[in-house]
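Each remark here refers to the structure printed beneath this line.
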Amino acid sequence: QVQLVESGGGLVQPGGSLRLSCAASGIIFRTYIMGWYRQAPGKQRESVASISSSGYMDYTDSVKGRFTISRDNTKNTVYLQMNNLKPEDTAVYYCNARHTLSRAASWGQGTQVTVSS
24 QVQLVESGGG
34 LVQPGGSLRL
44 SCAASGIIFR
54 TYIMGWYRQA
64 PGKQRESVAS
74 ISSSGYMDYT
84 DSVKGRFTIS
94 RDNTKNTVYL
104 QMNNLKPEDT
114 AVYYCNARHT
124 LSRAASWGQG
134 TQVTVSS
């Protein structure tokens, strides 16, 4: 059974930083594309960043230069380092695991990120 457990969310002031972590279990981690999505109140869930098994990274335009996704295949964990946070980054952030071949996807329970002064 796939389990994705996020941590690291919280309240931060504009310009601050947070690091999200997502620990995966029940999968062969290196065969999955890992990603972070977010959903703000009243908005659709959107992709924030993804990283392939080989380390190829992709970002949505609004976070380029501020967020960095990384993965540690020895710890079955994916990270999202978020710097220079803005109020518009406020959302519930979800971890996603998608198998490279079958495209079967799983989601974490989400972690709240609030950027406010």
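Anchor point for the sequence shown: position 20 equals 43 in my numbering, and the numbering is continuous, going up by one each time.
Positions of the beta carbon are idealized from the N, C-alpha and C atoms, including for glycine.
Rounded to the nearest angstrom, what separates residue i and residue j at their Cα positions?
i    : j    : result
S30  : R94  : 15 angstroms
Q104 : S139 : 18 angstroms
A46  : T134 : 13 angstroms
V136 : Q62  : 10 angstroms
S125 : S70  : 19 angstroms
Y60  : T97  : 23 angstroms
R68  : F52  : 23 angstroms
N99  : Q26  : 11 angstroms
Quick one: residues in its chain with C-beta nearer than 6 angstroms to the C-beta of residue i, no 5 flanking neighbours on either side, listed in chain order?
i    : result
I74  : M57, M80, I92, R94
N106 : S40, R89
Grab the span of the beta strand (DSSP E) containing residue i for me, first residue to last.
i    : result
S40  : Where S40 is concerned, there is no enclosing beta strand (DSSP E), given that its DSSP letter is neither H nor E.
V136 : 134–138
V25  : Where V25 is concerned, there is no enclosing beta strand (DSSP E), given that its DSSP letter is neither H nor E.
Going by other Cβ atoms of all chains shown within 10 Å of its Cβ, with 16 needed for buried, is residue i buried or exposed?
i    : result
D112 : buried
A128 : exposed
G38  : exposed
Give me the residue from the options with the minimum Cα distance to residue i.
i    : options            : result
V115 : L34, V25, Q24, Q26 : L34
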